[in-house]
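>
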Amino acid sequence: MSSHLPNTDIFALNPYDSHPSLSPLEAAVLWEYAKLAQNVRMQTVLFLKVTQKTRLLSEEPDKVMLAKLRILEKKMGLVLTLFKASVWGVINDQPDPSIRSEGFSDANDMTIRR
């Protein structure tokens with residue numbers, strides 16, 4: 001379809017109205033087709049813009065979220081270090097069981113033998 005009118009005017013003015021070889025019904029049908037084609041073009045452009053923005057958001061991480069996650073990562077590292085230190089302290093505070101017994105004796109052995 002080659003028309004000398006800009007695409008935005010297709011909704012206001014029928015470019016096929018004054019065509020000598022078209023009947024009024026044919027001109028109206030072609031005009032409806034032109035309006036439909038223009039709507040599809042506008043929706044495609046809008047869809048491409050939305051797709052590009054979505055792709056941009058999914059490929060580039062949110063900088064604020066990334067900064068907050070870095071802070072959380074540092075805090076979790078500190079928590080893990082403190083937890084390990086406290087477990088080590090608890091283990092060191094427990095008395096050594098090998099100091100109490102003077103060796104292995106069968107009297108404390110509770111193994112079932114057949």
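For what it's worth, UniProt numbering labels the leading residue of the sequence shown as 1, then goes sequentially. For every residue, glycine included, the Cβ atom is placed at its ideal position computed from N, Cα and C. As the structure is a computational prediction, the values presented were derived from the model and not from experiment.
#1: Can you find at least 3 beta carbon pairs, one from the stretch 34-45 and one from the stretch 9-17, that sit closer than 8 Å?
#2: What span of residues does the alpha helix (DSSP H) with R70 cover, start to end?
#3: If I'm right that I71 touches Q38 with Cβ under 8 Å, what's the distance once you round it to whole angstroms?
#4: Could you tell me whether the Cβ atoms of S19 and A28 are closer together than 8 Å?
#5: State the start and end residues of the unbroken alpha helix (DSSP H) segment that holds Y33.
#6: Mind checking S3: buried by the 16 CB within 10 Å criterion, or exposed?
#7: DSSP three-state call for I112: helix, strand or coil?
Let me lay it out:
#1: Yes, the stretch 34-45 touches the stretch 9-17.
#2: K63 to D93
#3: At roughly 51 Å, the Cβ-Cβ gap does not stay under 8 Å, so I71 and Q38 are not in contact.
#4: The sequence given here places His at residue 19; Ser does not occur at that position. No. Outside cutoff.
#5: Boundaries of the alpha helix (DSSP H) around Y33: P24 to E59.
#6: Note that S3 has pLDDT 46, beneath the 50 cutoff, so the model's placement of it is unreliable and no number is given.
#7: coil
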